[in-house]
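S.K.:
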Amino acid sequence: MWRLSRQSLLLTFLLHLLLQTAWSLHALKQSEPPRKIYIVYLGERQHHDADLITDSHHAMLASVLGSVKENQIHQMHTSRSWDFLGMDYRQPNGLLAKAKYGDGTIIGVIDSGITPESASFADTGYGPPPTKWKGICQVGPSFEAISCNRKLIGARWYIDDEILSSISKNEVLSPRDVEGHGTHTASTAGGNIVHNVSFLGLAAGTVRGGAPRARLAIYKACWSGYGCSGATLLKAMDDAVYDGVDVLSLSIGGMKEDVGTLHVVANGISVVYAGGNNGPVAQTVENQSPWLLTVAATTMDRSFPVVITLGNDEKFVAQSFVLLETASQFSEIQEYTDEECNADNMNSTVKGKIVFCFMGSTLNDQQTSYTDVTTAVAAKGGRAVMLPRFYTETILQEDPIITDLDIPFVPIDYEIAQRIDEYISNGVNGNYIPKAKISLTQTRIGDEISAPKVAVFSSRGPSSLYPGVLKPDIAAPGVSILAAAQIPYYKGVSYHFESGTSMACPHVAGIIAVLKSIHPNWSPAALKSAIMTTALTYDNNGMPIQANGRVQKIADPFDYGAGFVNPVMAADPGLIYDITPSDYLKFFNCMGGLGSGDNCTTVKGSLADLNLPSIAIPNLRTFQAMTRTVTNVGQVNAVYKAFFQAPAGVEMAIEPPVLVFNKDRRVQSFRVTFKATRKVQGDYRFGSLAWHDGGSHWVRIPIAVRIVIEEIYSKIS
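Read left to right, the sequence shown gives residues 289 to 1005 (this note's numbering).
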């Protein structure tokens, strides 16, 4: 296992990292001209004497040698899920029990901090931290030394003068979470088992993290009103390596890659990132480096239906958080169309009525503020608002907004909107007064809800930075995830819903902690391989997983990577595609060696032979061949046969088609060839390759191929 020195990644100008002295330096800063922060890779330690190290670093800074990169600002991405993933904590012989619920592993979370009072982070029944732990509990306002415990074993915070001038006035210079994002993600990854939890009566039950007995180490590098600085992220990563975490979860994003992540992976730590929330547009996936695990978001088999009943007894089902009975009895409908539907047009005529907006110009559906309209309708005595939307998943994440409205707001799709409009139009002729009522929200779970589906907001591939790397890698639940809230929160609730790839990311981090408990010697690449090669491409009803968007479609690898994460099978993958950290240097120019990350975006030749558990060929003109290597981690004596589905328009061959493993042959390589069968300037087509041992192991990898005539081809004309 690669171990690099702690001094090897002091990648920021330390004079800009204020830490505990931030307030005093802030007073000085007000009289100074604005300064920019630069991230500088100082290379691997060349001396063991501290003074020589300092002198050499100062010399490099003075001459501006090494890699220099302007600091980047990153944004944070926004109970039932674990059972849906097959990780029932009550099963005595289940995956969690075998992994001792993640006990002994340490999950590092770089985010907006933590709410230590939450029951998700209580330490009842925990022993001392693992002996490898070297971290600290960094105190500050509203966060004392006793805020850490045997569950929440460490917490640090990071700030610089640029952040200080921009953060919310509610922020505190300590690990305390005032935004809530970090508390939610940390409890999703490794929160305790907490019973009798709900959000205002919805989704009632038991809430927990993926590895409920894992320890948590918190690194507050993201600030309310500002986001996450690349410089503070880098320092947090360096501390996490030193502290001894096993997996690092970062629910943050940006189109530029974070420096230093390869350094973390080289130290045997899996790094899991959110894939971004800019879907369903292609080429929006973030955090694209091949050594990272990049996570897409999906729905799960839980919904929050409300029933809209019209006066003719026609019923429609929508989803929203309706907790008020103001519209539970039949009320007259007042319709507004297109531009009429805005807060300024709401007057006393809406009193006692349900307002329905029919957006004939459907492209304008996202331009109408449902909060402004609903607030205005409530102020004039209206009872509810129904408004069409292409997507409702992102609205459901805003539970404090929807539930804090004085009257119900119900987003509906355009088919329902059309039917309601027809009902109203028929009534205008004098036949009847159009009326409707809206039920309270219920909680539904089970197979009647087809899931998972790729969330509409989940960013899509292909990778714009590395077209030869298939991204995202994997998908996990990320819609309406119930997890711990910051304190104080809306109406005093302790747990709430959030949606986003930010919520999918800690699911995978928690799964890695569980797998690491069972396979402590597996590398980050091995863990990534196990997760990807066992992923599901079919939903809970045996149908191909769908991807939500303006037009729903069958999901492909650019939507969900290898598929939907399957932790139970990932614990026993059969074969793994492993990569040593030094292997990345064969394909990337990383100034200063492992851990630089700064110039790692410069690719040396083709990435085709990087031993990833996926294949992406962005420019297949005639013929291309590549090699992959697999390691047997299952039964010692095993025979695997190749099964593949070639992308349309491509001939594909595997040599050899059979792999025989025994105690002397645990590692074997094979060659994959692709030949274009037509000469076109085409789009991506998808396929797969699976190795099957005749038993339970199907070791599957996704394939994406684009046939081209010209090397560089844009679909945009």
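In this text, a Cβ means the ideal position worked out from N, Cα and C, and glycines have one as well.
This one's a predicted model, so the numbers in the text were calculated from it and none came from an experiment.
DSSP beta-bridge partners for K603?
M.R.: As a working mapping, residue 603 is identified with position 315 in the sequence shown. The partner list for K603 (beta bridge, DSSP) reads T597.
S.K.: According to DSSP, is G883 part of a helix, a strand, or is it coil?
M.R.: If you number the sequence shown from 1, residue 883 lands on position 595. Here G883 scores only 47 on pLDDT, less than 50, and its place in the model is too uncertain to base an answer on.
S.K.: What distance in whole Å lies between the Cβ atoms of H795 and G498, which are believed to be in contact at a cut-off of 8 Å?
M.R.: The residue you call residue 498 lines up with position 210 of the sequence shown. The residue you call residue 795 lines up with position 507 of the sequence shown. Contact holds; Cβ gap of about 6 Å.
S.K.: Would a C-beta distance cut-off of 9 Å place R994 and G970 closer than the cut-off?
M.R.: Taking the sequence shown and counting its residues from 1, the one referred to as residue 994 is at position 706. Taking the sequence shown and counting its residues from 1, the one referred to as residue 970 is at position 682. Going by C-beta atoms, R994 is nearer than 9 Å to G970.
S.K.: Does Y826 pass the burial test, meaning 16 or more other C-beta atoms within 10 Å, or should it be called exposed?
M.R.: Sequence index remark: in the sequence shown, residue 826 carries index 538 (1-based). Label assigned to Y826: exposed.
S.K.: Within 10 Å of its beta-carbon, does S355 have 16 or more other beta-carbons around it, so buried, or fewer, so exposed?
M.R.: By 1-based counting over the sequence shown, the position of residue 355 is 67. Interpretation of S355 is limited by its pLDDT of 47, a score under 50 that renders its predicted location unreliable; no figure is taken from the coordinates.
S.K.: Relative to the C-alpha of V495, which residue among V938, Y777, D847 and A773 is closest?
M.R.: Within the sequence shown, numbered from 1, the residue matching residue 495 stands at position 207. Considering only alpha carbons, the answer is A773.
S.K.: Taking all protein chains shown into account, decide if R959 is buried (16 or more other Cβ within 10 angstroms of its Cβ) or exposed.
M.R.: Position 671 of the sequence shown, counted from the first residue, corresponds to residue 959. That one is exposed.
S.K.: What's the gap between the Cα of P944 and the Cα of S805?
M.R.: Stepping through the sequence shown from its first residue, residue 944 is reached at position 656. Stepping through the sequence shown from its first residue, residue 805 is reached at position 517. Computed Cα separation, rounded: 34 Å.
S.K.: Where A387 and G413 are concerned, what is the direct C-alpha to C-alpha distance, given to the nearest angstrom?
M.R.: Walking along the sequence shown from the start, residue 387 turns up at place 99. Walking along the sequence shown from the start, residue 413 turns up at place 125. A387 and G413: Cα-Cα distance of roughly 17 Å.
S.K.: Between Y972, F487 and F592, which lies nearest to T731 when the distance is taken from Cα to Cα?
M.R.: Here residue 731 corresponds to residue number 443 of the sequence shown, with the count starting at 1. Of Y972, F487 and F592, the residue nearest in Cα terms is F592.
S.K.: What did DSSP end up calling S319 once you bin it into helix, strand or coil?
M.R.: For the purposes of this step, residue 319 is identified with residue 31 of the sequence shown, where counting begins at 1. Annotation note: pLDDT 40 at S319 (below 50); position unreliable, coordinate value reported separately. Reduced to three states, the DSSP call for S319 is coil.
S.K.: Using only alpha-carbon positions, find the residue among H980, Q912, A764 and F911 that is nearest to F931.
M.R.: Position 643 of the sequence shown, counted from the first residue, corresponds to residue 931. Checked all of H980, Q912, A764 and F911; the closest Cα to F931 is H980.
S.K.: Can you list, in chain order, the residues of its chain whose CB lies under 7 Å from that of W986, leaving out five sequence neighbours each side?
M.R.: Position 698 of the sequence shown, counted from the start, is the residue given in the question as residue 986. Here the set comprises A978 and H980.
S.K.: Between which residues of its own chain and T582 is the CB-CB distance below 6 Å, once the five residues before and five after are set aside?
M.R.: Indexing the sequence shown from 1 puts residue 582 at position 294. Hits under 6 Å: Y561, G563, N575, K759, P760 and D761.
S.K.: Any idea which residues DSSP pairs Y754 with across the strands?
M.R.: Counted from its first residue, the sequence shown places residue 754 at position 466. Paired residue(s): none; Y754 is not in a bridge.
S.K.: Hey, could you find the ends of the alpha helix (DSSP H) I833 is sitting in?
M.R.: Along the sequence shown, read from residue 1 onward, the residue named residue 833 stands at position 545. That residue, I833, is in no alpha helix (DSSP H); it is neither H nor E in DSSP.
S.K.: Within its chain, find whatever has a CB closer than 7 Å to the CB of T614; leave out the 5 residues flanking it on each side and keep chain order.
M.R.: Position 326 of the sequence shown, counting from 1, holds the residue named residue 614. Excluding residues within five positions, the ones whose Cβ falls inside 7 Å are R671, A672, I695 and P696.
S.K.: Out of A443, A505 and N809, which one is the CA nearest neighbour of S430?
M.R.: Position 142 of the sequence shown, counted from the first residue, corresponds to residue 430. For S430, the nearest C-alpha among the options comes from A443.
S.K.: For E450, count neighbouring C-beta atoms within 10 Å of its own C-beta (all shown protein chains included) and say buried if the count is 16 or more, exposed if not.
M.R.: As a working mapping, residue 450 is identified with position 162 in the sequence shown. Buried, because 16 or more other Cβ atoms sit within 10 Å of the Cβ of E450.
S.K.: Quick check: the Cα distance between A858 and R988, rounded to an integer number of angstroms?
M.R.: Sequence index remark: in the sequence shown, residue 858 carries index 570 (1-based). Sequence index remark: in the sequence shown, residue 988 carries index 700 (1-based). Using only the alpha carbons, I get a separation of about 12 Å.
S.K.: If distances are taken between C-alpha atoms only, which option among A570, Q622, V853 and G718 comes closest to R748?
M.R.: If you number the sequence shown from 1, residue 748 lands on position 460. With distances taken between Cα atoms, R748 lies closest to A570.
S.K.: Does the beta-carbon of V927 have 16 or more other beta-carbons within 10 angstroms, so that it is buried, or is it exposed?
M.R.: By 1-based counting over the sequence shown, the position of residue 927 is 639. Counting Cβ neighbours within 10 Å, V927 comes out exposed, since fewer than 16 surround it.
S.K.: Is it buried or exposed for H335, if we count other Cβ within 10 angstroms and need 16 for buried?
M.R.: Locating residue 335 in the sequence shown gives position 47, counting from the first residue. Here the model assigns H335 a pLDDT of 45, short of 50, so the residue's position is not dependable, and the following value carries that caveat. It is exposed - the Cβ of H335 has fewer than 16 other Cβ atoms within 10 Å.
S.K.: Quick check: I395 and A524, are their CB atoms within less than 9 Å of each other?
M.R.: Within the sequence shown, the letter at position 107 stands for residue 395. Within the sequence shown, the letter at position 236 stands for residue 524. Contact flag unset, no.
S.K.: For D546, list the residues DSSP reports as bridge partners.
M.R.: Numbered from 1 along the sequence shown, position 258 holds the residue referred to as residue 546. Answer by DSSP bridge pairing: none, since D546 is not bridged.
S.K.: Would you check if the distance between the CB atom of P722 and the CB atom of G837 is smaller than 9 Å?
M.R.: For this step, residue 722 is matched to residue 434 along the sequence shown. For this step, residue 837 is matched to residue 549 along the sequence shown. It is not a contact, given that the beta carbons lie outside the stated cut-off.
S.K.: Please give the ranges of any alpha helix (DSSP H) in the region 406-476, keeping only runs that are unbroken, at least 4 residues long and fully inside the region.
M.R.: Whole alpha helix (DSSP H) segments, 4+ residues: 449-452.
S.K.: For A896, I'd like the list of residues in its chain whose CB is within less than 6 Å of its CB, leaving aside the five on either flank, ordered along the chain.
M.R.: Numbered from 1 along the sequence shown, position 608 holds the residue referred to as residue 896. Cβ neighbours of A896 beyond the five flanking positions: M914.
S.K.: Can you name the residues that DSSP bridges to F958?
M.R.: Here residue 958 refers to the residue found at position 670 of the sequence shown. In the DSSP output, where bridge partners are listed per residue, F958 has R916.
S.K.: Is Y928 helix, strand or coil when you go by DSSP?
M.R.: The residue labelled residue 928 in the question sits at position 640 within the sequence shown. Strand.
S.K.: I'd like to check one pair, P906 with P755: are the Cβ atoms closer than 9 Å?
M.R.: Indexing the sequence shown from 1 puts residue 755 at position 467. Indexing the sequence shown from 1 puts residue 906 at position 618. Cβ atoms of P755 and P906: closer than 9 Å.
S.K.: Which partner residues of I976 appear in the DSSP bridge assignment?
M.R.: On the sequence shown, position 688 is the one that residue 976 refers to. Checking the displayed sequence, the identity of residue 976 turns out to be Ser instead of Ile. In DSSP, S976 forms a bridge with Q933 and P990.
S.K.: Helix, strand or coil: how does DSSP classify T586 here?
M.R.: Translated into positions along the sequence shown, residue 586 becomes position 298. Looking at T586 - three-state DSSP - the assignment turns out to be strand.
S.K.: Could you round the C-beta distance between P699 and S768 to whole angstroms and report it? I think they count as a contact, below 8 Å.
M.R.: Looking up residue 699 in the sequence shown gives position 411. Looking up residue 768 in the sequence shown gives position 480. Rounded, the Cβ-Cβ distance is 13 Å, inconsistent with contact.
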